[in-house]
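Numbering (full-length UniProt numbering), first residue to last: 1 to 163.
All C-beta atoms in this analysis are idealised placements derived from N, C-alpha and C, irrespective of residue type, glycine included.
Below is one structure, written out as structure tokens, with a few remarks after it.
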Amino acid sequence: MMEETPFWKTKTLAEMTTTEWESVCDGCGLCCLNKLEEWDSGDIYFTSIRCKLLDDQSCRCSSYENRWDFVPDCVQLTKENVDDIAWLPPTCGYRLINEGRDLYWWHPLVSGDPETVHAAGISARGRTISETEVKVDDFEDYVVDWPLTVGDEAQAQAPETAK
Numbered sequence: 001m002m003e004e005t006p007f008w009k010t011k012t013l014a015e016m017t018t019t020e021w022e023s024v025c026d027g028c029g030l031c032c033l034n035k036l037e038e039w040d041s042g043d044i045y046f047t048s049i050r051c052k053l054l055d056d057q058s059c060r061c062s063s064y065e066n067r068w069d070f071v072p073d074c075v076q077l078t079k080e081n082v083d084d085i086a087w088l089p090p091t092c093g094y095r096l097i098n099e100g101r102d103l104y105w106w107h108p109l110v111s112g113d114p115e116t117v118h119a120a121g122i123s124a125r126g127r128t129i130s131e132t133e134v135k136v137d138d139f140e141d142y143v144v145d146w147p148l149t150v151g152d153e154a155q156a157q158a159p160e161t162a163k
């Protein structure tokens, strides 16, 4: 019996069903970290400050369906705007598929286990502080680069079958 090719290898993001689209999220929580933008250059910097709705352990939104009631400026990633969001982490499944690349070995769609994203050190689990605990004037003290380098570490420790 032949194995079916996974949908993310045969469909573009625009062709995916809502369920398929939602499953592309690996649950890393990196997109829910506060970012700072330098006005003159437009450069974007990640902080280790998480949205007040992001659960630090599950790395999932605690009120996903109603998030705009609590965070009106929450950016929703859509099939229409995925090209325009430059701050998507390099390990983001949406970014990878949009660029014609495959998902990493630790992605839950590949591994079959939502914990592999955390075990591989990709996620924000245990590395963040809630925005409710930091004054906005102090956000710059929390600038970090690990959201942009976690994939490098994970590839270095990938199981031989995944490289």
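If we ignore side chains and look at the alpha-carbon of each, how far apart do residue i and residue j end up?
| i | j | result |
| --- | --- | --- |
| G112 | W105 | 10 Å |
| I85 | E4 | 31 Å |
| T128 | L77 | 22 Å |
| residue 165 | C32 | Not covered by the structure: residue 165. The range shown for the chain is 1 to 163. |
| V24 | T10 | 13 Å |
| T132 | D40 | 28 Å |
| E15 | W8 | 10 Å |
| G101 | V136 | Rather than Gly, the amino acid found at residue 101 in this sequence is Arg. In a straight line, the C-alpha of R101 is about 36 Å away from that of V136. |
| F70 | S48 | 20 Å |
| L53 | R95 | 23 Å |
| W146 | T17 | 32 Å |
| E65 | D43 | 30 Å |
| P114 | V143 | 27 Å |
| E80 | L13 | 9 Å |
What are the partner residues of residue i, as DSSP defines its beta bridges?
| i | result |
| --- | --- |
| I85 | According to DSSP, which records beta bridges pairwise, I85 is partnered with nothing at all. |
| L33 | R50 |
| C61 | L54 |
What do you get for residue i, buried or exposed, if any count of 16 or more other CB atoms within 10 angstroms of its CB means buried?
| i | result |
| --- | --- |
| L151 | Before going further, note that residue 151 is Gly rather than Leu in the sequence given. Buried. |
| F46 | buried |
| R50 | buried |
| T116 | buried |
| N34 | buried |
| G93 | buried |
| I97 | buried |
Note to self: With three or more C-beta pairs closer than 8 Å as the rule, is the stretch 23 to 43 touching the stretch 83 to 92?
What the structure shows: Output reads yes: the stretch 23 to 43 touches the stretch 83 to 92.
Checklist line | the stretch 123 to 142 in contact with the stretch 44 to 58 per 3-pair CB rule at 8 Å | finding: yes
Notebook entry, point to check: Curious, which full-length alpha helix (DSSP H) runs of at least 4 residues does the stretch 95 to 146 contain?
Noted result: Counting only runs of 4 or more, we get 108 to 111 and 116 to 119.
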